[in-house]
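The sequence shown begins at 70 in our numbering and counts up one residue at a time.
Cβ atoms here follow ideal geometry from the backbone N, Cα and C, with glycine treated the same way.
To keep things clear, I will list the structure first and then write my remarks on it.
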Amino acid sequence: MFEFIRNHKRWIQVMLVLLAASFLVVGGMATNENADSTVVVANVNGKKITQPEWEEAQRQQVDQYRTMMGAQFDQKRFDTPEFKREILDNLIAQRAVEAEIERSHLTVGDELLVNTIQQNDEFKTAGKFDVDVYKAALVNARMTAAQYEASLRRNFVLRQLTGTVQETAFLPRTVATRMSNIFDEEREVQEMLFPASEQQSQVKVTDEMIKAFYDKNATLFQVPEKAKIEYVVLDAAAVEGMVSVTDAEVAEFYKANSKRFTTPEERLYSHIQFKFAKDASAADKAAAKAKAEAVLAELRKAPATFADVAKAKSQDVSTAEQGGELGQAKKGEMISPAIETAVFKLKQGDISDVVESDQGYHIVTVTKLAPETVKPLDEVKDALVAEVKKPKMSKKYSDLAQTFTETVYDQSASLKPVADKLKLKIETLDNVTRTPNPALAQSPLNNAKFLSAVFSDSVVKNKHNTEAIEVKPSVLVAARIVEYSPAAKRPLAEVQDIIRMRVAQQEAISLAKKAGEAKIAAAKASGDAAGFGAAKMVSRATPTAVNQAALPVVLKADASKLPAYVGVEIPGIGYGVYRISKVSQPAKVDEARRTAEQQEIAERLGQVEMRGYVDALKEKAKAKIIVKTEVAAADAKDAPAVK
Numbered sequence: 070m071f072e073f074i075r076n077h078k079r080w081i082q083v084m085l086v087l088l089a090a091s092f093l094v095v096g097g098m099a100t101n102e103n104a105d106s107t108v109v110v111a112n113v114n115g116k117k118i119t120q121p122e123w124e125e126a127q128r129q130q131v132d133q134y135r136t137m138m139g140a141q142f143d144q145k146r147f148d149t150p151e152f153k154r155e156i157l158d159n160l161i162a163q164r165a166v167e168a169e170i171e172r173s174h175l176t177v178g179d180e181l182l183v184n185t186i187q188q189n190d191e192f193k194t195a196g197k198f199d200v201d202v203y204k205a206a207l208v209n210a211r212m213t214a215a216q217y218e219a220s221l222r223r224n225f226v227l228r229q230l231t232g233t234v235q236e237t238a239f240l241p242r243t244v245a246t247r248m249s250n251i252f253d254e255e256r257e258v259q260e261m262l263f264p265a266s267e268q269q270s271q272v273k274v275t276d277e278m279i280k281a282f283y284d285k286n287a288t289l290f291q292v293p294e295k296a297k298i299e300y301v302v303l304d305a306a307a308v309e310g311m312v313s314v315t316d317a318e319v320a321e322f323y324k325a326n327s328k329r330f331t332t333p334e335e336r337l338y339s340h341i342q343f344k345f346a347k348d349a350s351a352a353d354k355a356a357a358k359a360k361a362e363a364v365l366a367e368l369r370k371a372p373a374t375f376a377d378v379a380k381a382k383s384q385d386v387s388t389a390e391q392g393g394e395l396g397q398a399k400k401g402e403m404i405s406p407a408i409e410t411a412v413f414k415l416k417q418g419d420i421s422d423v424v425e426s427d428q429g430y431h432i433v434t435v436t437k438l439a440p441e442t443v444k445p446l447d448e449v450k451d452a453l454v455a456e457v458k459k460p461k462m463s464k465k466y467s468d469l470a471q472t473f474t475e476t477v478y479d480q481s482a483s484l485k486p487v488a489d490k491l492k493l494k495i496e497t498l499d500n501v502t503r504t505p506n507p508a509l510a511q512s513p514l515n516n517a518k519f520l521s522a523v524f525s526d527s528v529v530k531n532k533h534n535t536e537a538i539e540v541k542p543s544v545l546v547a548a549r550i551v552e553y554s555p556a557a558k559r560p561l562a563e564v565q566d567i568i569r570m571r572v573a574q575q576e577a578i579s580l581a582k583k584a585g586e587a588k589i590a591a592a593k594a595s596g597d598a599a600g601f602g603a604a605k606m607v608s609r610a611t612p613t614a615v616n617q618a619a620l621p622v623v624l625k626a627d628a629s630k631l632p633a634y635v636g637v638e639i640p641g642i643g644y645g646v647y648r649i650s651k652v653s654q655p656a657k658v659d660e661a662r663r664t665a666e667q668q669e670i671a672e673r674l675g676q677v678e679m680r681g682y683v684d685a686l687k688e689k690a691k692a693k694i695i696v697k698t699e700v701a702a703a704d705a706k707d708a709p710a711v712k
C-alpha cells in the first residue's frame, strides 16, 4: 500500500549513515596510504573532506555490504560513479549535521554513557556486563574504547537533534483514513477467461512470419564469442611451499610478543554506591559520604554481609539486586580510575575504604581473583608459525610477482616459460566468454578485467599471453587463448521450430485478446452479466479471489460508473475479462492495522522532514563538492542540493 513512500530511499540512506557514521568514518579512520591526502573532494563549514577519507568511507561501506550479503555480494555493483557519489553526499550530510551540533553546543553526560555501555546486551555474559566481550566487540569494529565512547556520545546527540526535527511532521487524519480506505476497498468482480489454447486451431504460422520473428529478434539467437584458454595463477598457495620458518624464529617471535599470550590478573568485584549530583553542594556531598562511612563501619564488623547490604542500601539500581556485582575487571579497563586503584589494592574478600568518583561515593570489594596466566609456546606454536611465515610469504610473493609479470610479457608466445621458472601448473578452461559467468562466482577467473584482457585484440588475433592481471589481492593470473569461436547468429533452420511455437503462442494470445475485447464491447452495450462467472469480492487485503496478474488492473480500474469492465493478458492462460459490479468498504475494519499504518506514514513524513532539515544544514554549512570527476556529474539533478 505504501510503496510510493518506500520509493524515497536515498534520504533514508543518508540518515542511516548519519547514525552509523561515527563507527564507519569519524572514529579512528584508516586511510589509503597511496591516496594523496592533499586532494580535497568537498568542503563543509570550512573543513575539508579529503580523497583518502572519501575512499576509506567507500571501502568501509563496501565491507559492510560484503558482510551482510555473504555469497550474494557482487563487487561490480559498488564500482560505479553513482555509489561513490552517494558516499560523498553522505559524508557531506554527516559533516553538516556535526557542524550544527558543534554550533548548538549539544553534549551528553558521563553517567548516561556509562549506563548505556553497561546495559548493552551485546556486551553481557549471563546477563552481566562483560569487559572481555566489550573489548572483543571493539576489536571486531576496529575501534578503541575512546573512539567508541566518542561515537556513542555523537549518536546520542544525533538522536536529540533528529528526534526534535522528526516530531514536527504532521499527518492529517483524513489523509491516513483515505489511504486506509483505499487499501480496504472491496470490489465485487465476475471473471470470464478466453484461453489461448482454444484459439490454437485458428492459428496459421507461415514461413514469412517465422522469418520476420527471426529478423526482428536477432539477439535471441546470438551465440556469444567463446574461447578455450590456458592459464597460470600466482597466489599464496603457490608461494607457501617456497617459504620456511625455523623453531628459533618462532621462539624469538613468541618472546617479543609475550604480552599477547599473557592473560592479566582479573578480579570479580562489587560495589555499594551513594550518589550525589554533579552540581551538588559541599553539604550534600558530605551527607552522602557520611552515609557511606556509616555503612562501611557496619561492613567492617560483618564483611560477609556485603551482598545483602548492597541489595538494601546501594543507590546503583542496576547492580543492587545482584549484590552490587559489577563483573570482571582487568587493569586499565575500568571506567573510573579511582575505583580501579581501590580494587587492585585489595585481596580477595577485603573491603575498601570509601572511594570517591564522579558518580558518587563507593565501597568496593573483590569477591574472586584470577591470577595472571601465560600460554606456553607449544600451545600457540602452529598459529605463530603461520604468523611468522606471513611477512616472508608477502616478500616472496612481491619478488615472484615481478618475475611472473615480466616473464609472461617478455615470452608472450607461451605460458610454459613462466610455469617452469616458478613451478606453476598450467590449467585449461573451456567455454570462456567475455562476460562473467554466475556459475563461477567464486573463481578468480570470473573477473571482468581478466576476461577483458583475454578477449583483447592482441590476445585473440596473435594468440599472445595476457598481461599479469591481479584478480584479487595478491592473486595474479595470466592466460592465452588455445581455441577461439567468434560470435555468431544461430541459423534459421536450427531455430525455426522454436520460433514456430513462439509465434503460434503469440497469435493465439492475440486472438484471445480480440475475443475478450469484443466481449467487453458487447457487455458495455447490454449491461448484463451473461457468460461471466460467479461474483467474488476482492481487495488488496484479500487478493486471492482472481488471478494475481489481473488483480492490479481490476483494483485500479475506473469504477465511477458501474458495471465497469476491464481486460488483461494473463501469462500462461490467455486473456481475462472482468466485470466490476460493486465497490464498498468492509463491514468491519481492522483498527489495529489502521493505527499501525498511520504510525508508519507519520514516521516516513518525519524522515522527509529530516531530509529537508539536512539539506538546509548543507546550505548553512556552505557545503561544496570540489572534486572534478565523473562522480561529480553522475547525478547532475542532485547538484543544487550541495552548493
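Closer than 9 Å to chain B by CB, Lys295: You won't find chain B in this structure, because it holds only one protein chain.
Residue ranges of each beta strand (DSSP E) within the region 521 to 567, 3 or longer: 538 to 541 and 544 to 554
Pairwise C-alpha distance: Asn516 and Ile694: 33 Å
Spatial distance of Thr611 from Gly681 (CA atoms): 37 Å
Host beta strand (DSSP E) of Asn500 (start-end): Glu496 to Thr502
Whole-angstrom distance between Trp123 and Ile589, CA atom to CA atom: 60 Å
Proximity winner among Ala455, Glu402, Gln342 and Asn189, relative to Ile432 (alpha-carbon distances): Gln342
Supposed close pair Lys344, Gly429 - CB separation, criterion 8 Å: 4 Å
Pair within 9 Å by beta-carbon distance, Val386 and Val364: no
Own chain partners of Gln668 with C-beta closer than 6 Å, once the 5 adjacent residues on each side are dropped: none
Touching by the beta-carbon criterion (3+ pairs, under 8 Å), the region 484 to 500 and the region 347 to 354: no
Which listed residue (Tyr338, Gln229, Met248 and Ala665) has its alpha carbon closest to that of Leu679: Looking at the sequence itself, residue 679 is Met, so the reference to Leu does not match. Comparing Cα-Cα distances from Met679 to each of Tyr338, Gln229, Met248 and Ala665, the minimum goes to Gln229.
For Ala336, the first and last residue of its enclosing beta strand (DSSP E): Contrary to the premise, residue 336 reads as Arg rather than Ala in this sequence. Here the beta strand (DSSP E) through Arg336 covers Glu335 to Phe343.
Best match in Ser629, Arg128, Glu151 and Ala168 for proximity to Asn112 [C-alpha to C-alpha]: Ala168
Span of the alpha helix (DSSP H), counted from its first residue to its last, around Arg154: Pro150 to Ser173
Alpha carbon of Glu191 to alpha carbon of Met212, nearest angstrom: 16 Å
Under the three-state DSSP convention, the category Ser387 falls into: helix
Ala346 versus Asp179 - alpha carbon distance: 12 Å
Buried versus exposed call for Ser313 [16 or more other C-beta atoms within 10 Å across all chains shown]: exposed
The alpha helix (DSSP H) enclosing Met679, as first and last residue numbers: Glu660 to Lys689
Where the beta strand (DSSP E) through Lys116 begins and ends: Lys116 to Thr119
First through last residue of the beta strand (DSSP E) which encompasses Phe263: Glu255 to Pro264
Under 9 Å between C-beta atoms of Val551 and Lys297: yes
contact_flag[the region 206 to 224, the region 558 to 578] where n(CB pairs < 8 Å) is 3 or more: no
Residue environment, Arg648, which counts as buried when at least 16 other CB atoms sit within 10 Å: buried
Alpha-carbon to alpha-carbon, His533 and Glu299: 11 Å
CB of Arg223 within 9 Å of CB of Ala692, strictly: no
Among Phe252, Ala356, Ala205 and Lys458, the one whose alpha carbon lies nearest that of Val308: Lys458
Status (buried if at least 16 other CB within 10 Å, exposed otherwise) for Ser481: buried
Ala548, buried or exposed, once every other Cβ within 10 Å from all chains shown has been counted against 16: buried
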